[in-house]
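Residue numbers are given in our numbering: position 82 of the sequence shown equals residue 136, and the series is strictly consecutive.
Using N, Cα and C, we set each Cβ at its ideal position, and we do this for glycine too.
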Amino acid sequence: MRAFAGIGLVLLAVAYGAFALIVLNQAYSGDGASGPLVGVAQWSMGLSAGVGALALCLPSAVVDHTTRRTAVRLQYTLAFASPVLAAVDF
Numbered sequence: 055m056r057a058f059a060g061i062g063l064v065l066l067a068v069a070y071g072a073f074a075l076i077v078l079n080q081a082y083s084g085d086g087a088s089g090p091l092v093g094v095a096q097w098s099m100g101l102s103a104g105v106g107a108l109a110l111c112l113p114s115a116v117v118d119h120t121t122r123r124t125a126v127r128l129q130y131t132l133a134f135a136s137p138v139l140a141a142v143d144f
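#1: Is the shortest distance between the beta-carbon of Y70 and the beta-carbons of chain D less than 8 Å?
#2: Taking the alpha-carbon positions, what's the A115 to A135 distance?
#3: Whether or not the region 120-139 and the region 61-71 are in contact is what I'm after, with contact meaning three or more pairs of Cβ atoms, one per stretch, closer than 8 Å; do they touch?
#4: Can you grab the Cα-Cα spacing for the pair L63 / G106, in whole Å?
#5: Just to confirm, is the Cβ distance from A95 to F73 under 8 Å?
#6: Between the Cα of R122 and those of Q129, A109, Y82, spot the shortest distance and give me the residue it belongs to.
#7: If you draw a straight line from the alpha carbon of S83 to that of L75, how long is it in whole angstroms?
#8: Between P113, Q129, M99, which has its C-alpha nearest L139's C-alpha?
#9: Under a three-way DSSP split, which group does P137 fall into?
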């Protein structure tokens with residue numbers, strides 16, 4: 055699970071790139087203003103990084119396998135939710 059948490063942190067950079075492309079495309083093709091979901095998408099990426107770092111760094115004596123697995127699932131969900139939220143935002 056630690057390997058998946060580390061890969062999730064790398065994929066977070068890809069999700070951030072997709073988020074930036076979506077927001078810039080909306081800014082140039084629309085009225086130039088971002089909607090309210092862009093802030094929520096940024097919080098989603100930040101929380102994903104925090105959850106991923108905890109899943110990666112906390113020792114096995116503190117966190118059992120089920121909790122770590124749930125944290126990694128949450129990490130991936132939050133990471134991929136940010137570009138989706140930005141794309142839905144008009």
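Concretely, from the data shown:
#1: In the displayed structure, chain D is absent; only one protein chain is listed.
#2: Residue 115 sits at position 61 when you count from the first residue of the sequence shown. Residue 135 sits at position 81 when you count from the first residue of the sequence shown. Their Cα atoms are separated by approximately 31 Å.
#3: yes
#4: The sequence position of residue 63 within the sequence shown is 9, counting from 1. The sequence position of residue 106 within the sequence shown is 52, counting from 1. Taking the straight line from one Cα to the other gives about 6 Å.
#5: Against the sequence shown, residue 95 aligns to sequence position 41. Against the sequence shown, residue 73 aligns to sequence position 19. Contact flag set, yes.
#6: For the purposes of this step, residue 122 is taken as residue 68 along the sequence shown, with counting starting at 1. Cα-wise, what sits closest to R122 is A109.
#7: As a working mapping, residue 83 is identified with position 29 in the sequence shown. As a working mapping, residue 75 is identified with position 21 in the sequence shown. Distance between the alpha carbons of S83 and L75: 12 Å.
#8: If you number the sequence shown from 1, residue 139 lands on position 85. Per the Cα distances, M99.
#9: In the sequence shown, residue 137 corresponds to position 83, counting from 1. Looking at P137 - three-state DSSP - the assignment turns out to be helix.
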